[in-house]
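Please read the structure below before turning to the comments.
In UniProt numbering, the protein residues as written are 1 to 232.
Below you can see the structure in the form of structure tokens.
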């Protein structure tokens, strides 16, 4: 499922930055960018728009007043503005979130993941170098180069990095198809390993410095092939 979205902002720099952020977030599909809220109203009436990134201080119509023209049960709004003074009013009007410019990417992602989907999204690839994992109420960026291994724990998985561990509501089966297979492989029923962190293979175990990860019999030949191909 993709979240269809539009940007309504009269500032060229803000438009460009938001477009870059949307492009880096695979769950989002950008349908259009609008300078005028009035033009956007016509588009929304004729197209399915799930989410709007909406500025407040704009010509023609104020972003707060714009809300009266849309059905917020069908179309959610994230305000993107240079003014913090509208924050309380935005939440009173049931805005999904309120982002104060300049907006950083991590804050943008946290806002997007507040969108009420029909399924839980606890981990979503953003590009080939990192993932965001849900930690409490927030989403935390985990760089692939910091990730050591992922362990399956019944209904959860444990992301183990060089600095911290995160418990995430997901499954190894889903992650197998999500993580890049040039770097990660499932070596056991309960483990996915980052082969860039493997230092040795001994006694049917992969060594990640002082950590030992078991390799199942069914995956041993695959592991040996990865080693022989020079990936570690």
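Glycine included, each C-beta is placed from N, C-alpha and C at the ideal position.
Taking DSSP as the reference, what is the three-state secondary structure of residue i?
i           : result
residue 57  : coil
residue 220 : helix
residue 29  : strand
residue 11  : coil
residue 70  : coil
residue 18  : helix
residue 93  : coil
Can you give me the start and stop residues for the beta strand (DSSP E) that residue i sits inside?
i           : result
residue 209 : Premise fails: residue 209 is in no beta strand (DSSP E) and is neither H nor E.
residue 148 : 147 to 153
residue 173 : Note, residue 173: premise wrong, no beta strand (DSSP E); alpha helix (DSSP H) at 172 to 176.
residue 161 : 156 to 161
Can you name the start and end residues of the alpha helix (DSSP H) that residue i belongs to?
i           : result
residue 83  : Where residue 83 is concerned, there is no enclosing alpha helix (DSSP H), given that its DSSP letter is neither H nor E.
residue 43  : 37 to 46
residue 109 : 105 to 112
With which residues is residue i paired in a DSSP beta bridge?
i           : result
residue 134 : 139
residue 23  : For residue 23, which the question treats as bridged, DSSP gives no partner whatsoever.
residue 100 : 81
residue 193 : 149, 185
residue 6   : 32, 52
Report yes if the C-beta of residue i is less than 8 angstroms from at least one heavy atom of the ligand HEM; otherwise report no.
i           : result
residue 179 : Looking at this structure, you won't find the ligand HEM or any other ligand, since it has none at all.
Cβ pair count under 8 angstroms reaching 3, the region 128 to 144 against the region 163 to 177: yes
For the structure I just gave you, are there three or more beta carbon pairs, one from the region 30 to 40 and one from the region 3 to 19, closer than 8 angstroms? yes
For the region 220 to 231 and the region 149 to 161, state whether three or more C-beta atom pairs, one from each stretch, are separated by less than 8 angstroms. No, because fewer than three Cβ pairs between the region 220 to 231 and the region 149 to 161 fall closer than 8 angstroms, the two stretches do not touch.
Validate contact between the region 76 to 83 and the region 55 to 68 using beta carbons, cut 8 angstroms, 3 pairs: yes
Does the count of Cβ pairs from the region 13 to 23 and the region 95 to 115 closer than 8 angstroms reach three? yes
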